[in-house]
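J.: This is the structure I have questions about; it appears just below.
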Amino acid sequence: MHTKIAWAMLLGVGVGWVLQEFTIATYSETLSLKAGHEVTLSVLDSTSSRATWLAPFVMVATLFMSLLKMLIVPLVLSSIVTGVAGIAGGKEFGRLGAKTLLYYMLTSLFAIMTGLFLVNLTQPGIGVTLPLVVPENFAPGEGTSFADILLRMVPQNIFEALSSNGNLLQVIVFALMLGFFIGKVAEPHAQRMKDLFQSFFAVMMALASSVLKLIPFGVFALVVKVVGETGFSAFKPLLFYMGMVAVALLFHAVVVLPLLLKFVAGISPWAWFRAVSPALMTAFSTSSSSITLPVTLEAVERRGGVSNKHSSFVLPLGATVNMDGTALYECVGVIFLCQYYASTGDFDLTLPKQLFIVLTALLASVGAAGIPSAGLIMMTAILTALGLPIEGAMLLLAIDRPLDMLRTTVNVWSDSCCAAIIGKSEGDRILSPQAA
Ligand code: ASP
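In terms of this note's numbering, the sequence shown has 848 at position 401, counting the first letter as 1, and numbering is strictly consecutive.
Right under this line is the structure:
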């Protein structure tokens with residue numbers, strides 16, 4: 448499966464690049480952000496030849512994403528309820544919760560530290576010319592404060608939360624409570640509810656399995672769309688910065704997390720990588736941990752051998768709160784901008800400020816939703832807290848897609864490693880795949 452997906456990606460890059468090179472697509476528009484601060488906007492004209500060529504790919508990509516999105520809420524709800532209701536009493540629940548949170552926090556902090564070290568070492572923000580190209584639809588600043596995030600976790604109306612794709616954290620909070628209290632009520636109610644959710648979950652997983660077969664096609668179309676729409680030229684001015692981010696993310700993904708897998712749980716990192724690779728490739732091409740969640744659950748349980756009881760607790764929660772790649776990027780991105788402002792003389796990047804950034808990067812990664820560019824939107828909260836203009840984040844938006852693809856892959860990789868480590872410590876037979 449992963450060879451097929453890898454080929455689909457390569458082919459997608461090729462086709463996307465050809466379309467990008469040989470079709471005419473964009474016109475430029477100048478947008479005034481505020482007095483004396485203008486940006487050039489590159490717009491994909493819907494009547495252009497590129498838009499016409501891209502249309503079928505966009506359609507397949509959208510269809511694929513819709514299929515995955517369709518599965519998120521029912522799968523998360525049934526998976527968490529089944530898993531949590533199956534955990535005997537409050538004690539096991541507490542132990543699992545404590546281990547999981549410890550993993551989330553430690554790995555995110557590790558990631559931030561790696562980023563902090565590299566961004567200070569290489570100083571990519573000093574003397575850089577920021578490209579003044581901002582794609583449309585950027586609306587940061589609304590409800591991104593840390594108090595807002597906390598308040599948003601508890602749903603006022605569960606049906607409203609279930610019906611909106613952005614409120615996954617609310618669905619998770621409700622599902623955790625529902626599962627917990629199913630385990631507490633008297634029979635026959637507890638068993639009836641468990642049976643109901645278990646059967647529902649089995650059907651959803653069967654559906655997810657068949658959608659999984661479409662991954663190569665979906666991934667191909669998505670990559671053509673992304674490369675065809677943006678191309679590569681926008682990235683040139685910030686190539687050094689992007690390379691630095693990529694190296695930091697890579698270090699976390701291929702050194703830190705594999706070491707944890709190997710020495711904490713005794714699991715072969717390579718074998719685990721192979722088991723979850725469909726999820727990683729989906730994460731890479733969709734830039735969304737939430738949309739990837741159905742694939743992650745499938746891969747970790749069926750191919751990786753983690754029991755539903757554990758994966759259903761770790762993965763949905765991880766997809767929304769454990770984002771190592773995002774945490775790293777919050778830190779690197781903000782410090783990069785701070786370096787830029789410091790080199791133009793407007794800002795002093797002191798040590799306490801760096802520590803403040805580490806802490807807020809962690810919080811921002813918890814608060815970021817598992818959707819494309821969510822990390823960048825959250826970055827505006829840190830910039831505001833530092834008293835810096837949020838335009839910096841807008842400028843980074845122009846180059847965000849490839850970085851988002853990488854950090855989302857790291858986010859999902861970390862979630863899957865967490866599931867493996869926790870599963871192993873609780874007695875699951877890791878890498879002995881379960882039958883359907
Ligand atoms: N796209 C990332 C994710 O879904 C979040 C981010 O923008 O960093 O995991």
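We put the CB at the ideal spot given by N, CA and C, even for glycine.
Quick one: residues in its chain with C-beta nearer than 6 Å to the C-beta of V658, no 5 flanking neighbours on either side, listed in chain order?
T.: Position 211 of the sequence shown, counted from the start, is the residue given in the question as residue 658. These residues qualify, in order along the chain: L514.
J.: Quick test of the definition: if touching needs 3 or more C-beta pairs under 8 Å, does the stretch 839-855 touch the stretch 717-725?
T.: The answer is no - the stretch 717-725 does not touch the stretch 839-855, with fewer than three Cβ pairs under 8 Å.
J.: For the candidate residues F648, M560, I869 and E873, whose alpha-carbon lies nearest to that of L549?
T.: The residue you call residue 549 lines up with position 102 of the sequence shown. For L549, the nearest C-alpha among the options comes from I869.
J.: Between the Cα of V857 and those of Q617, Y788, I782 and Y776, spot the shortest distance and give me the residue it belongs to.
T.: As a position in the sequence shown, residue 857 is number 410, starting the count at 1. For the residues Q617, Y788, I782 and Y776, the minimum Cα distance to V857 belongs to Y776.
J.: So does T855 have its beta carbon nearer than 7 Å to some heavy atom of the ligand ASP?
T.: Here residue 855 refers to the residue found at position 408 of the sequence shown. Checking every heavy atom of the ligand ASP against the Cβ of T855, one is found closer than 7 Å.
J.: Answer yes or no: do T831 and I824 have a C-beta to C-beta separation smaller than 8 Å?
T.: To locate residue 831, count along the sequence shown from 1; it is residue 384. To locate residue 824, count along the sequence shown from 1; it is residue 377. Not closer than 8 Å, so no.
J.: With 16 as the cutoff for other CB atoms within 10 Å, does G814 come out buried or exposed?
T.: One-based indexing of the sequence shown puts residue 814 at position 367. Buried: at least 16 other Cβ atoms inside 10 Å.
J.: How do the stretch 522-532 and the stretch 750-767 stand: do at least 3 beta-carbon pairs fall below 8 Å, yes or no?
T.: Segments in contact, yes.
J.: Between which two residues does the alpha helix (DSSP H) containing I527 stretch?
T.: Here residue 527 corresponds to residue number 80 of the sequence shown, with the count starting at 1. First-last of the alpha helix (DSSP H) with I527: S496 to G533.
J.: Label K660 either buried or exposed according to how many other C-beta atoms from any shown protein chain fall within 10 Å of its C-beta, with 16 as the threshold for buried.
T.: As a position in the sequence shown, residue 660 is number 213, starting the count at 1. Per the 10 Å Cβ criterion, exposed.
J.: CB-CB under 6 Å to Y551, same chain, minus the five flanking residues each way: which ones, in chain order?
T.: Indexing the sequence shown from 1 puts residue 551 at position 104. If we look at Y551 and ignore the five residues flanking it on each side, its Cβ neighbours are N769.
J.: Tell me whether T743 counts as near the ligand ASP, meaning its Cβ is closer than 7 Å to at least one heavy atom of that ligand.
T.: By 1-based counting over the sequence shown, the position of residue 743 is 296. No - the ligand ASP has no heavy atom lying nearer than 7 Å to the Cβ of T743.
J.: Closest to V859 by C-alpha separation, out of Q570, F664, T773 and A808, would be which residue?
T.: Working through the sequence shown from its first residue, we reach residue 859 at position 412. For V859, the nearest C-alpha among the options comes from T773.
J.: Following the continuous alpha helix (DSSP H) through L796, name the residue where it begins and the one where it ends.
T.: As a working mapping, residue 796 is identified with position 349 in the sequence shown. Segment: none, L796 is in no alpha helix (DSSP H) and carries neither H nor E.
J.: CB-CB under 7 Å to I804, same chain, minus the five flanking residues each way: which ones, in chain order?
T.: Working through the sequence shown from its first residue, we reach residue 804 at position 357. These residues qualify, in order along the chain: C778, V781, I782 and I829.
J.: Does DSSP classify K660 as helix, strand or coil?
T.: As a working note, residue 660 is residue 213 in the sequence shown. K660: coil per DSSP, three-state reduction.
J.: Under DSSP, the alpha helix (DSSP H) around Q786 begins and ends at which residues?
T.: Position 339 of the sequence shown, counting from 1, holds the residue named residue 786. D771 to S790 is the extent of the alpha helix (DSSP H) around Q786.
J.: Thinking C-alpha only, which one of T739, L843, L878 and R854 is nearest L518?
T.: As a first step, residue 518 is located in the sequence shown; it is residue number 71 there, counting from the start. When only C-alpha atoms are compared, the closest one is T739.
J.: How would you call T743, buried or exposed, if buried means at least 16 neighbouring beta carbons within 10 angstroms?
T.: Locating residue 743 in the sequence shown gives position 296, where the first residue counts as 1. Classification for T743: buried.
J.: If you check the beta carbons only, do L556 and V694 fall under 8 Å apart?
T.: Locating residue 556 in the sequence shown gives position 109, counting from the first residue. Locating residue 694 in the sequence shown gives position 247, counting from the first residue. No.
J.: For chain D, check one thing: does any of its Cβ atoms lie closer than 8 Å to the Cβ of R639?
T.: The chain labelled as chain D is not found in the depicted structure, where only one protein chain is given.
J.: Where does V753 sit, in a helix, a strand or coil, going by DSSP?
T.: One-based indexing of the sequence shown puts residue 753 at position 306. V753: coil per DSSP, three-state reduction.
J.: For P763, does the three-state DSSP call read helix, strand or coil?
T.: As a first step, residue 763 must be located in the sequence shown, where it is residue number 316. Helix at P763.
J.: Which of the three DSSP states, helix, strand or coil, is assigned to D875?
T.: Counted from its first residue, the sequence shown places residue 875 at position 428. D875 falls in the coil class under three-state DSSP.
J.: Taking its Cβ as the centre, do 16 or more other Cβ atoms sit within 10 Å of K481, making it buried, or is it exposed?
T.: As a position in the sequence shown, residue 481 is number 34, starting the count at 1. Its pLDDT being 48, under 50, K481 is placed unreliably in this model, and the value from its coordinates should be taken loosely. It is exposed - the Cβ of K481 has fewer than 16 other Cβ atoms within 10 Å.
J.: So for S715, helix, strand or coil by DSSP?
T.: As a working note, residue 715 is residue 268 in the sequence shown. In the structure shown, S715 sits in coil (DSSP, three-state: anything other than H, G, I, E or B).
J.: Counting C-beta neighbours from all protein chains within 10 Å, is the total for W454 16 or more, i.e. buried, or is it exposed?
T.: Along the sequence shown, one-based indexing puts residue 454 at 7. Burial call: exposed.
J.: Apart from the five residues just before and just after F698, which ones in its own chain have a Cβ nearer than 6 Å to its Cβ?
T.: Working through the sequence shown from its first residue, we reach residue 698 at position 251. If we look at F698 and ignore the five residues flanking it on each side, its Cβ neighbours are T561.
J.: Do the CB positions of G675 and G461 come within less than 8 Å of each other?
T.: As a first step, residue 675 is located in the sequence shown; it is residue number 228 there, counting from the start. As a first step, residue 461 is located in the sequence shown; it is residue number 14 there, counting from the start. Contact: no.
J.: Report yes if the CB atom of L419 is closer than 8 Å to the CB atom of G752, and no otherwise.
T.: Limits of the chain in this structure are 448 at one end and 883 at the other, which puts residue 419 out of reach.
J.: So, are the CB atoms of Q801 and L458 less than 8 Å apart?
T.: Residue numbering aside, residue 801 sits at position 354 when the sequence shown is read from its first letter. Residue numbering aside, residue 458 sits at position 11 when the sequence shown is read from its first letter. Going by C-beta atoms, Q801 is not nearer than 8 Å to L458.
J.: Tell me the rounded alpha-carbon separation between L597 and W717.
T.: The residue labelled residue 597 in the question sits at position 150 within the sequence shown. The residue labelled residue 717 in the question sits at position 270 within the sequence shown. The alpha-carbon atoms of L597 and W717 are separated by roughly 37 Å.
J.: For I818 and S732, which I take to be in contact (beta-carbon distance under 8 Å), what is that distance rounded to the nearest angstrom?
T.: Looking up residue 818 in the sequence shown gives position 371. Looking up residue 732 in the sequence shown gives position 285. No, I818 and S732 are not in contact; Cβ-Cβ is about 14 Å, not under 8 Å.
J.: Assign N858 to one of three DSSP states: helix, strand, or coil.
T.: For the purposes of this step, residue 858 is taken as residue 411 along the sequence shown, with counting starting at 1. Helix at N858.
J.: Taking 7 Å as the line, does the beta carbon of Y776 fall inside it for any heavy atom of the ligand MG?
T.: Although the ligand MG was asked about, the structure shown includes only the ligand ASP as ligands.
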